[in-house]
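*Asks:* Input: one structure, supplied below.
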Amino acid sequence: MKIALIGYGKMGKAIEQIALNRGHEVVLKINRSNLHDFVPEELLKADVAIEFTAPESASGNVMRILDAGIPVVCGSTGWNEDLPAARAKCIERDTAFLQASNFSIGVNIFFELNKKLAQLMNDWPEYNVSVEETHHTQKKDAPSGTAITILEQILDNLKRKETWSLETGGQGSEVAVVAHRVEHVPGTHNVKYTSAIDEIEIMHTAHSRDGFAYGAVLAAEYIQHRKGNFTMRDVLMENK
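With my numbering applied, the sequence shown has no gaps in its numbers, which climb one by one up to 290 at the end.
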């Protein structure tokens, strides 16, 4: 598989190493110094593109790749409002698109646990739920895209909760979320259910970027010959 890397920072370099280890070829690497190469004729050399940049550039980057008819895996977060347009563009251009807030296999298993736990807690209103996340200081969005996915899953499955807030204590129908930024922390996410007598907590801790990079390459392998919009759950089900 020939890969275009859009974003060649720490994540892009981790993805490159794993892709090479799995027998793939990186044919295009885009960063701020060579944006003049981010054009259709260069993109068309790739079978799939992997985009990891920043919230302010992700939407435009993804649209440009989809316009070229190239399948794209996107790990940039913080641009949820533009995702429907990207999914529509994917269908219009008859290609493939997979965006995920987190590509780690462990995190995506954690997501399934989170949904199931929220469903179980519908019968136990004495427990209040909160979400906490910690990332490195270069992380620009807060809460993280992963934390927002966790929160959305709770809201979808726990009937007594309707909204979330980064600012308040999460009483009533609100879920509290706390975001920490600490040097050299790849990512930690906690979901905690607390009552007057005990506490239930699930947690995922990343030890390095390699888990995210590995999942992104798996996602690229998955969508290479497919058409349509996909999620990491599709990739996990394929690899059961």
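Glycine included, every Cβ here is placed at the ideal spot set by N, Cα and C.
Remember, it's a predicted structure, so these values are computed and weren't measured experimentally.
(1) May I ask you to report which of helix, strand or coil DSSP gives residue 263?
(2) Whole-angstrom Cβ separation of residue 54 and residue 104, contact assumed at under 8 Å?
(3) State the start and end residues of the unbroken beta strand (DSSP E) segment that holds residue 215.
(4) What ranges does the beta strand (DSSP E) occupy inside the region 58-110, keeping only unbroken runs of at least 3 residues that lie completely in it?
(5) How would you call residue 304, buried or exposed, if buried means at least 16 neighbouring beta carbons within 10 angstroms?
(6) For residue 49, does the three-state DSSP call read helix, strand or coil?
(7) Do residue 79 and residue 112 have their C-beta atoms closer together than 9 Å?
(8) What's the C-alpha gap between residue 279 and residue 120?
(9) Do the region 248-259 and the region 229-239 touch if we need at least three Cβ pairs shorter than 8 Å?
(10) Under the assumption that residue 151 contacts residue 198 (Cβ atoms under 8 Å), give the Cβ distance between them as a whole number of angstroms.
*Replies:* According to the structure shown:
(1) Three-state DSSP puts residue 263 in a helix.
(2) With a Cβ gap of about 17 Å, residue 54 and residue 104 do not count as contacting.
(3) Unbroken beta strand (DSSP E) run through residue 215: 213-215.
(4) Taken in chain order, the complete beta strand (DSSP E) segments of 3 residues or longer contained in the region 58-110 are 75-80, 98-101.
(5) This structure does not reach residue 304, given that the chain is present from 51 up to 290, and the question cannot be answered.
(6) It is not possible to answer for residue 49, since the shown part of the chain is limited to 51 through 290.
(7) In this structure, residue 112 does not lie closer than 9 Å to residue 79 by Cβ.
(8) When rounded, the distance between both Cα atoms is 13 Å.
(9) Counting Cβ pairs under 8 Å, three or more are found: they touch.
(10) Residue 151 to residue 198, Cβ: 7 Å. Contact.
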